[in-house]
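Student:
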Amino acid sequence: MHANVLFLFTLFFSVFSVFASPVPTGETQDIEKRLTRSGRGTYFHVGLGNCGKWNKDSDAIVAIPKSLYDKNGGSNCDQWVKIKDNKTGKVAYGKTRDSCPSCKSGDLDMSPSLFKKFASLDKGVVNVSWNFMHKGFKP
Ligand SMILES: *[C@@H]1O[C@H](CO)[C@@H](O)[C@H](O)[C@H]1NC(C)=O
Ligand SMILES: *[C@@H]1O[C@H](CO)[C@@H](O)[C@H](O)[C@H]1NC(C)=O
């Protein structure tokens, strides 16, 4: 009985603290992290990305909208993004390695292997919602 109460108590506070005390990465980044964007998810063949690293199509890579990339001065490089398919609810993660000039602010360009987690390549576009994970996160 007491053990159960203690367990629930602990559970409650750990769940609570996830929402209440964000990782101290600075206020701006923190707001950025929680902001959910939504738009068109597309794919591209990766290579040398804006972040200055070579990537392979088999890597889970994303290119974030160039406007956002530039606004943050490239500081999102290597930051993981959580992506959700609006229609199926499927979730996958991709690492920021590039910027996407043709993307609107809610769009996301993905490596082919990542895109395939949501739909076949011939579909070309999926509606996605996405947000940054905290820096240091790995799926
Ligand atoms: C995806 O779902 C979110 C939340 O339900 C919604 O705000 C957004 O407009 C949707 N995006 C698209 C592209 O349909
Ligand atoms: C994506 O969402 C838009 C409106 O939010 C809708 O018009 C379009 O049909 C959707 N596309 C797909 C592939 O689900």
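In this text, residue positions in the sequence shown follow my numbering: the first is 121, and each later residue adds one.
Virtual Cβ for every residue (Gly too), placed ideally from N, Cα, C.
(1) Could you pull the start and end residues of the beta strand (DSSP E) that L228 belongs to?
(2) Check whether the Cβ of K207 lies closer than 8 Å to any heavy atom of ligand 2, and answer yes or no.
(3) Figure out for me which residue from K173, N206, S187, D177 has the closest Cα to the Cα of V248.
(4) Under the criterion of a Cβ to heavy atom distance below 8 Å, does R154 qualify as lining ligand 1?
(5) Could you check if D229 is buried or exposed, using at least 16 other CB atoms within 10 Å of its CB as the buried criterion?
(6) With DSSP run on the structure shown, which of helix, strand or coil describes K215?
(7) Does the Cβ of L234 have 16 or more other Cβ atoms within 10 Å, making it buried, or fewer, making it exposed?
(8) May I ask you to report which of helix, strand or coil DSSP gives K186?
(9) Determine which residues share a DSSP beta bridge with T162 and list them.
(10) With DSSP as the reference, label L168 as helix, strand or coil.
(11) Comparing alpha-carbon positions, which option in A239, Y163, L241, C197 lies nearest M253?
(12) With hydrogens ignored, establish whether the beta-carbon of V248 is closer than 8 Å to any heavy atom of ligand 1.
(13) Does the Cβ of T216 have 16 or more other Cβ atoms within 10 Å, making it buried, or fewer, making it exposed?
(14) Have a look at S167 and R154 and give me their C-alpha separation to the nearest angstrom.
Tutor: The relevant details are as follows:
(1) DSSP places L228 inside the beta strand (DSSP E), whose first and last residues are 228 to 230.
(2) yes
(3) N206
(4) no
(5) buried
(6) strand
(7) That one is buried.
(8) helix
(9) Bridge pairing for T162: D229 [DSSP].
(10) strand
(11) C197
(12) yes
(13) Classified as buried, T216 has 16 or more neighbouring CB atoms from the shown chains inside 10 Å of its CB.
(14) One point to set straight first is that residue 167 is Gly, not Ser, in the sequence displayed. Each residue's alpha carbon lies about 29 Å from the other.
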